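The sequence shown: position 107 = 353 (the working numbering), numbered continuously.
Below: the structure, in structure tokens.
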Amino acid sequence: MRRVGGLARPVAGSMAAPVYPVWVTRWVSGQWRQKKRPPVLRPTRPLVVADKVTNRKEKAGEATCITEMSVMMACWKQNEFNDTACAEEIRMFYDCVEKAEKERKNLNEDTLSPQGNMPSSKVNKLLRRFPQITHYV
């Protein structure tokens, strides 16, 4: 290869090779990597964590007691929406709802959500507890 006017040209008599600009051949050969200069990085904002995060509403989890509710509604439909005939199904549905609410209350705020995320209120508590050091001692 012979360099002519910034382009690498094949030597006469050799097979035709693609013509690349000089900067591509330098980049591929690693000449720029040998200088070992760090990349230029200028952040637009200071590289510190914010004092707080925005309050985000957690996504609703999966629905509970669907089976009990559908059994109760099917019973109502069969008995022309008579509560006395469907008392057992209604009791089973309310028991399921009560159990699900207890489980939801038992989930402490310190635990992670099922998706593995921490609630924003917990993150804000931790950020208040461990503030950013903005000055050196």
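Backbone N, C-alpha and C fix where the C-beta goes; we use that ideal spot for every residue, glycine too.
Small disclaimer: the values here were computed from a predicted structure and weren't measured.
- In the DSSP assignment, residue 333 falls within the alpha helix (DSSP H) that extends over 333–352.
- The shortest C-alpha to C-alpha distance from residue 366 to any of 379, 314 and 297 is the one to 297.
- Distances from the alpha-carbon of residue 314 to those of 334, 371, 308 and 379 put 334 closest.
- Your pair residue 378 and residue 294 checks out as a contact, with CB atoms roughly 5 angstroms apart and the cut at 8 angstroms.
- For residue 372, the uninterrupted alpha helix (DSSP H) segment begins and ends at 366–375.
- Residue 327 counts as exposed, since fewer than 16 other C-beta atoms from the protein chains shown sit within 10 angstroms of its C-beta.
- For residue 323, the uninterrupted alpha helix (DSSP H) segment begins and ends at 312–324.
- Only buried fits residue 339, as 16 or more other CB atoms lie within 10 angstroms of its CB.
- Inclusion of residue 343 and residue 321 in the CB contact set at 8 angstroms is not warranted, their separation being larger than that value.
- Sequence-distant Cβ neighbours of residue 346 in its own chain, meaning closer than 7 angstroms and more than five residues away, are 310 and 311.
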